[in-house]
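Read the structure below first, then the notes.
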Amino acid sequence: MARILSLDGVAAAAWATRGAGTPPDAYSGAAVDVSTASLADLDGLVALWTAVGLRFRHDLVAEELAGVLERDPDLVLVVEEGGTIIASVLGTWDGRRGWVTRLATHPDHRGRGLALQLVTELEERLRAKGCRKLNLLIEQHNAAVVPYYERLGYRRDDLIFMEKFL
Ligand SMILES: CC(C)(COP(=O)(O)OP(=O)(O)OC[C@H]1O[C@@H](n2cnc3c(N)ncnc32)[C@H](O)[C@@H]1OP(=O)(O)O)[C@@H](O)C(=O)NCCC(=O)NCCS
1 MARILSLDGV AAAAWATRGA GTPPDAYSGA AVDVSTASLA DLDGLVALWT AVGLRFRHDL
61 VAEELAGVLE RDPDLVLVVE EGGTIIASVL GTWDGRRGWV TRLATHPDHR GRGLALQLVT
121 ELEERLRAKG CRKLNLLIEQ HNAAVVPYYE RLGYRRDDLI FMEKFL
């Protein structure tokens with residue numbers, strides 16, 4: 001873990017400025033440390049993403065994490081408790097757009113504002129790099145998370161998503 005940040009009040013303020021209403025009671029006043037991840041966190045991240053049901057290629061995940069960390073080492077953020085990673089967000093910056101991926105909070109730790117704090121910190125870091133617009137993708141089977149992102153200020157845009165494997 002390269003850096004520890006104390007974010008007292010930051011996330012609560014974010015709820016207010018986004019018109020998201022009152023922050024969750026469980027979060028109010030509760031500070032957690034957001035850290036930048038390293039490749040040593042691979043197993044912890046894989047365990048978290050598996051626990052929350054995020055889909056990924058097990059055979060590629062190490063290579064992909066290494067690639068992201070090489071380009072954006074300050075955008076892979078985690079919350080750890082008792083030596084276990086309980087929440088994550090993996091941000092990327094392509095010079096034009098920022099991307100939010102792998103937002104996850106372990107089911108035992110939801111509703112504490114952990115995802116909110118991670119996204120808030122990621123947004124601040126991206127803004128500091130000159131990023132003016134953030135994108136994220138939600139798989140159809142996970143459409144229930146749309147209202148969550150709306151509360152964080154994200155708006156839906158029905159574009160046609162295309163992809164090609166190389
Ligand atoms: C989405 C997720 C990261 C939120 O984590 P979290 O740390 O509990 O979020 P916060 O504590 O910041 O916010 C909690 C609030 O968001 C709401 N919320 C969380 N997940 C939600 C969802 N899928 N749909 C609607 N609302 C949701 C909670 O009900 C809670 O609302 P409340 O404050 O009114 O009680 C977590 O539910 C998760 O890991 N989901 C599975 C992975 C996933 O879908 N990631 C997004 C991929 S695009």
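Once you know that position 61 of the sequence shown is 61 in the working numbering, the rest is easy, because the numbers rise by one and skip nothing. We put the CB at the ideal spot given by N, CA and C, even for glycine. Owing to the predicted nature of the structure, the values given are computational and were not obtained by experimental measurement.
| Check | Outcome |
| --- | --- |
| Got a sec: is the Cβ-Cβ distance from Thr-120 to anything in chain B below 8 Å? | The structure shown contains no chain B; it is built from a single protein chain. |
| By Cβ distance, which residues of its chain are closer than 7 Å to Ala-104, with the 5 residues on each side in sequence left out? | Leu-48, Trp-49, Val-52, Leu-54, Ala-87 and Ser-88 |
| If you draw a straight line from the C-alpha of Glu-80 to the C-alpha of Ala-66, how long is it? | 20 Å |
| To the nearest angstrom, report how far apart His-58 and Gly-130 are at their CA atoms. | 33 Å |
| Evaluate contact between the stretch 31-40 and the stretch 70-80, counting only Cβ atoms and requiring at least three cross-stretch pairs below 8 Å. | yes |
| Since Thr-101 contacts Leu-136 with CB under 8 Å, what's their CB separation in whole angstroms? | 7 Å |
| Taking the beta carbon of Val-145 as the centre, do at least 16 other beta carbons fall within 10 Å, making it buried, or is it exposed? | exposed |
| Taking only heavy atoms of ligand 1 into account, decide whether any of them is closer than 7 Å to the Cβ of Val-145. | yes |
| Hey, Ala-62 and Leu-42: beta-carbon distance below 8 Å or not? | yes |
| Taking the DSSP output, what are the residues bridged to Trp-99? | Thr-92 and Asn-135 |
| Can you give me the start and stop residues for the beta strand (DSSP E) that Glu-80 sits inside? | 76-81 |
| Quick check: Trp-93 and Leu-118, are their CB atoms within less than 8 Å of each other? | no |
| Relative to the C-alpha of Gly-82, which residue among Gly-95, Gly-44 and Tyr-149 is closest? | Gly-44 |
| Would the beta-carbon of Ala-37 be found less than 7 Å away from any heavy atom of ligand 1? | no |
| Can you tell me where the alpha helix (DSSP H) with Asp-43 in it begins and where it stops? | 42-52 |
| Less than 8 Å between the C-beta atoms of Leu-134 and Gly-98, yes or no? | yes |
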